[in-house]
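These protein sequence lines map, in sequence, to chains A and B.
The first sequence begins at 9 in our numbering and counts up one residue at a time.
The second sequence begins at 211 in our numbering and counts up one residue at a time.
As structure tokens, the structure follows; a few thoughts come after it.
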Amino acid sequence: MDVRAQISMVFHLDKCIGCHTCSIACKNIWTDRKGAEYMWWNNVETKPGTGFPTKWEDQDSYRGGWKVENGKLELRSTDKRGTVANIFHNPSMPSLDDYYEPWTYDYGELFNAPEGTDQPTARPISMITGNPMDIEAGPNWDDDLSGSPVYAKNDPNFAHLSDEQKSQLFAIERMVMFYFPRICNHCLNPACVAACPSGALYKRGEDGIVLIDQNRCRAWRACVAACPYKKTYYNWQTGKSEKCILCFPRLETGQAPACFHSCVGRIRYLGVLLYDADRIETVASMDDKELIGAHRDLILDPNDPEVIAEARKNGVHDSVIESAQASPVYKFVKNWGIALPPHIEYRTLPMLFYVPPLLPVMSSQEEGGLMNDIDELFGDIEKARAPISYLAKIFGAGNESYLRYALKKQMAVRLWRRAVTVGDITKEEAEKALTAADTTPEEADEIYRMTALCTFDDRFVIPPSHREEAIEMLEDPLEYKQSAGFGFRTGPRRGL
Amino acid sequence: MSEQIISLEDLHVLLFVVLPYLAFVIFLLVTIQRYRRQTFTYSSLSSQFLENKHHFWGMVPFHYGILTVLFGHFVAFLIPGTILAWNSSPIRLYILEVTALIFGILTLIGFVNTMLRRYFDDRVRRVTTAADWILYGILLFQIATGVWVAIGHRWGSSWFASNAAPYLWSLLKMDPQIAYVQPLPWAIKLHIVSAFTLIAFFPFTRLVHILVVPNPYLWRKTQVVRWNWDRSKRRVS
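Have a look at this one:
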């Protein structure tokens with residue numbers, strides 16, 4: 009057992025209102041620079057929809073993530089020899105047009121235009137060429153356009169749905185959508201790290217954050233092609249790849265990452281998980297259907313004395329273990345089993361989990377009051393406007409059982425709270441629903457509190473980073489005086 | 211004959227003794243210093259992201275062409291005797307020469323494509339610096355004279371082995387013998403001079419990416435983890 013700590017995340021999709029505040033917070037801090045304008049380390053997509061970059065989930069064309077061939081785990085984009093052979097032109101590299109051409113407006117025209125009878129306009133200007141351009145796409149171009157034949161119908165997760173299910177999704181007045189905020193998943197088996205020819209990408213040992221060493225990146229672009237979530241971006245100005253850094257300078261000072269901190273819907277949770285690094289490769293090579301369970305088993309119980317002993321032996325600080333014991337992520341993923349990894353079939357073992365949306369609210373139940381029959385209520389999950397098989401494509405690698413479990417439990421919590429606060433359902437019936445959903449009134453209350461009444465400190469349990477002790481563990485700190493700092497200080501110029 | 215400012219002899223010394231040493235000194239000092247002080251600037255500065263179609267037709271023929279051609283030069287420099295022996299049979303000589311010419315032309319085509327793409331694609335032109343254009347000029351000259359030599363002055367593989375290789379070795383041994391290069395035709399001399407110019411200019415350009423090609427990649431572990439402390443040497447308190 010090789011116990012390591014990983015800062016992990018949960019996004020509660022039922023709470024996401026799609027306001028993009030997270031994206032803006034991130035953009036203002038990290039990517040408001042030349043070469044990075046088109047990057048959205050955090051973005052929010054409307055599902056069903058094509059996402060950003062367009063149709064990123066279609067790995068037949070983007071070729072991201074891992075595949076298992078002859079029992080061996082291999083990158084889909086290229087194997088090692090292929091990377092060297094294709095280093096001059098990466099065949100799986102997305103281009104700017106797969107994202108969008110960043111633009112600004114020629115605002116000066118509004119003031120400088122000669123007096124005339126027509127209203128002066130600010131034309132869109134490309135932020136790359138500086139030329140006037142026609143805007144054809146943007147980072148959230150299909151925002152709220154679910155049901156549209158151009159965007160939603162091209163969602164790669166529909167490929168397997170029957171015509172009946174498809175027509176169900178696009179019928180007027182039955183259309184459904186939910187928001188899908190995405191950041192880097194800081195995976196346990198990151199494809200971007202494995203693909204980098206320069207070894208510039210790495211996972212931080214102490215907290216599992218995946219970073220790109222800007223000094224070692226040589227613009228071979230393999231990480232951009234390899235990441236199935238398309239969360240590494242190529243900076244066309246500096247000639248270096250960049251990605252979400254989980255705001256590590258904020259985490260190290262005990263602050264939540266900007267997107268987490270600013271989240272209006274309070275959908276985001278962050279905490280430490282302990283996991284067994286020895287079994288990563290075995291788990292990542294498993295069958296699609298077993299992946300979610302095996303991935304979940306990789307996460308260790310932070311209260312288990314054996315795990316604690318092994319963690320200590322591995323140098324995990326006691327305060328980090330304590331933090332893992334209080335982790336809200338552990339509760340959602342392990343205790344309650346209602347948070348699921350996105351597209352686990354890419355086999356990168358993402359450490360960002362989503363509570364699947366319990367959509368839509370059951371308006372059909374209105375006439376004659378709420379239906380009391382438990383079978384009917386759960387039956388409704390099956391008949392939900394967003395077909396379970398569609399959601400399972402995103403959150404279950406096609407395995408519907410974990411998704412159904414998570415939805416049922418959330419529904420039972422709703423029924424239970426309805427019984428407690430409104431009372432038009434009897435507690436007996438609600439308890440029956442809880443039992444059927446494998447939960448108890450106590451757990452239901454806990455889930456309710458963590459979902460609806462959670463405070464800042466409930467949502468973010470940030471482990472102390474102990475960077476000062478990192479050196480003390482090894483050497484006399486006095487010898488290392490003046491050697492700490494924030495890396496290199498030259499400006500990110502292009503070339504010499 | 212009117213008075214010359216500089217005699218031909220002096221010119222040869224300047225171009226084939228002073229220039230190469232100067233070039234190598236600049237190359238060594240600047241690449242090392244740049245790597246130490248400005249590691250960040252070591253990048254291939256790929257523009258595939260901005261333009262993904264023509265990129266293939268420039269980069270792939272150019273790189274495979276020039277790698278093969280450079281490899282040929284290097285082999286002839288290392289084992290000139292073997293090359294001469296190989297060339298003693300005309301058939302083998304033709305095979306070698308035709309191969310070299312094909313890859314030379316491949317390089318030229320790829321390079322011209324690359325230049326055209328640089329110039330005509332708006333996005334790519336925006337990320338092209340003055341240093342890039344100077345480099346393109348020198349490289350184009352270098353490749354064009356190379357192809358011209360291959361066509362106009364036949365059996366380069368043989369005279370490279372008999373003349374250029376000993377000359378380069380003499381440079382390396384710090385005992386420059388320009389007698390080897392003096393009788394060569396002017397096209398070849400230009401090719402040599404432009405090569406040294408390129409070496410001198412190399413550390414100031416994007417060419418430094420050649421020095422940081424991914425060599426440990428094929429041997430390293432799949433995943434990279436960096437610890438902020440040494441796991442093996444941890445102090446047990």
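All C-beta atoms, glycine included, are put in the ideal place defined by N, C-alpha and C.
Going straight from the alpha carbon of residue i to that of residue j, what length do you get?
i: T447/A; j: Y410/A; result: 15 Å
i: T317/B; j: W48/A; result: 38 Å
i: P336/A; j: C34/A; result: 23 Å
i: T506/A; j: K417/A; result: Because chain A here runs from 9 to 504, residue 506/A falls outside it and cannot be looked at.
i: N311/A; j: G207/A; result: 35 Å
i: A292/A; j: N78/A; result: 14 Å
i: N373/B; j: Y390/B; result: 5 Å
i: T91/A; j: F119/A; result: 52 Å
i: F60/A; j: M325/B; result: 32 Å
i: R430/B; j: E82/A; result: 15 Å
i: I25/A; j: G273/A; result: 6 Å
i: R436/B; j: K211/A; result: 6 Å
i: P236/A; j: D66/A; result: 9 Å
i: L209/A; j: L378/B; result: 40 Å
i: P508/A; j: A405/A; result: Outside the displayed range of chain A (9 to 504) lies residue 508/A, so it cannot be described from this structure.
i: Q352/B; j: H419/B; result: 19 Å
i: G268/B; j: D342/B; result: 15 Å
i: R425/A; j: M185/A; result: 25 Å
i: V403/B; j: G282/B; result: 19 Å
i: N94/A; j: A234/A; result: 13 Å
i: W396/B; j: A405/B; result: 14 Å
i: Q333/A; j: E451/A; result: 17 Å
i: V279/B; j: G314/B; result: 6 Å
i: A145/A; j: G72/A; result: 22 Å
i: H325/A; j: D221/A; result: 25 Å
i: K23/A; j: T29/A; result: 14 Å
i: V318/A; j: V328/A; result: Inspection of the sequence shows that residue 318/A is occupied by Glu rather than by Val. Each residue's Cα considered, the two are about 13 Å apart.
i: L287/B; j: G356/B; result: Here residue 287/B turns out to be Phe, not Leu, going by the sequence shown. The alpha-carbon atoms of F287/B and G356/B are separated by roughly 16 Å.
i: L224/B; j: R335/B; result: 36 Å
Interface residues of chain B around residue i at Cβ under 7 Å?
i: E53/A; result: By Cβ distance, chain B contributes nothing, its closest Cβ being about 21 Å from E53/A, past 7 Å.
i: T137/A; result: D332, R333 and R336
i: A227/A; result: S253, S254, L255 and S256
i: Y70/A; result: Under the 7 Å cutoff, chain B gives no residues; its nearest Cβ is about 13 Å from Y70/A.
Listing by chain order, which chain A residues have their CB less than 8 Å from the CB of residue i?
i: L428/B; result: K88, R89 and V92
i: T339/B; result: R502 and G503
Since residue i meets chain A, which of its residues come closer than 9 Å, beta carbon to beta carbon?
i: V359/B; result: Per Cβ cutoff of 9 Å: no residues; V359/B is ~25 Å from chain A at best.
i: R246/B; result: None at all; the shortest Cβ gap to chain A is about 11 Å.
i: V422/B; result: S206, R224 and R226
For residue i, return the contacting residues in chain B, with the cut-off set at a CB-CB distance below 9 Å.
i: V201/A; result: T432, Q433, V434 and V435
i: K248/A; result: F250 and S253
i: N223/A; result: T249, F250 and Y252
In chain B, which residues lie less than 8 Å from residue i when you measure between Cβ atoms?
i: L259/A; result: Those do not exist, as L259/A stays about 13 Å from chain B at its closest Cβ, beyond 8 Å.
i: N193/A; result: Chain B residues near N193/A: none, gap ~15 Å exceeds 8 Å.
i: R475/A; result: N438
The ligand GTP heavy atoms versus the CB of residue i: any closer than 8 Å?
i: N78/A; result: In terms of ligand content, the structure shown is empty, and the ligand GTP therefore cannot be addressed.
| field | Segment contact flag, the stretch 156 to 166 of chain A with the stretch 130 to 137 of chain A, C-beta cutoff 8 Å, min 3 pairs | value | no
| field | Positions along the stretch 269 to 284 of chain B whose CB lies within less than 9 Å of some CB in chain A | value | M269, V270, F272, H273 and Y274
| task | For the stretch 198 to 266 of chain A, list the beta strand (DSSP E) runs that are entirely contained and at least 3 residues long, ordered along the chain. | result | For the stretch 198 to 266 of chain A, whole beta strand (DSSP E) runs of length 3 or above, ordered along the chain, are 209 to 212, 218 to 220, 240 to 243 and 248 to 251.
| request: Please list the segments of the alpha helix (DSSP H) lying wholly inside the stretch 314 to 372 of chain A, counting only runs of 4 or more residues, in order along the chain. | output: 326 to 333
| task | Indicate whether the contact test is met: 3 or more Cβ pairs, each with one atom in the stretch 43 to 60 of chain A and one in the stretch 185 to 194 of chain A, closer than 8 Å. | result | yes
| With contact counted as at least three CB pairs below 8 Å, one residue from each stretch, are the stretch 305 to 317 of chain B and the stretch 350 to 368 of chain B in contact? | yes
| said: In chain order, what are the residue ranges of uninterrupted beta strand (DSSP E) at least 3 long that sit wholly in the stretch 421 to 467 of chain A? | reply: Within the stretch 421 to 467 of chain A, no run of beta strand (DSSP E) at least 3 residues long lies entirely inside it.
| Contact residues within the stretch 306 to 328 of chain B, judged by C-beta distance below 7 Å to chain A | none
| Any contact of the stretch 12 to 23 of chain A with the stretch 104 to 117 of chain A, i.e. 3+ C-beta pairs under 8 Å? | Here the stretch 12 to 23 of chain A makes no contact with the stretch 104 to 117 of chain A; the two share fewer than three CB pairs at distances below 8 Å.
| Segments assigned alpha helix (DSSP H), at least 4 residues, entirely inside the stretch 9 to 95 of chain A | 29 to 34, 67 to 70 and 88 to 93
| query | How about the stretch 398 to 414 of chain B and the stretch 229 to 246 of chain B: do they share at least three Cβ pairs that are nearer than 8 Å? | reply | yes
| query | Is there contact here, the stretch 91 to 105 of chain A with the stretch 225 to 233 of chain A, by at least three beta-carbon pairs under 8 Å? | reply | yes
| So does the stretch 433 to 445 of chain A actually touch the stretch 249 to 266 of chain A, counting three or more Cβ pairs closer than 8 Å? | no
| Quick one, which residues of the stretch 324 to 337 of chain A are near chain B if we go by CB-CB under 8 Å, in chain order? | Those would be none; no residue qualifies.
| Should the stretch 290 to 298 of chain B be regarded as contacting the stretch 253 to 265 of chain B, the criterion being three or more beta carbon pairs within less than 8 Å? | no
| query | What residues from the stretch 347 to 361 of chain A come within 7 Å of chain B, judged by C-beta to C-beta, listed N to C? | reply | none
| query | Got a sec: which bits of the stretch 94 to 113 of chain A sit with their beta carbon under 7 Å from any beta carbon on chain B, in order along the chain? | reply | F96, H97, N98, M101, S103 and L104
| field | Stretch-stretch touch, CB-based, cutoff 8 Å, three pairs: the stretch 465 to 474 of chain A with the stretch 259 to 269 of chain A | value | yes
| task | Closer than 7 Å, Cβ to Cβ, to anything on chain A: give me those residues from the stretch 389 to 415 of chain B, in chain order. | result | Only F414 from the stretch 389 to 415 of chain B bring a Cβ to less than 7 Å from some Cβ of chain A.
| said: Residues of the stretch 14 to 30 of chain A in Cβ contact with chain B at a cutoff of 7 Å, in chain order, please. | reply: none
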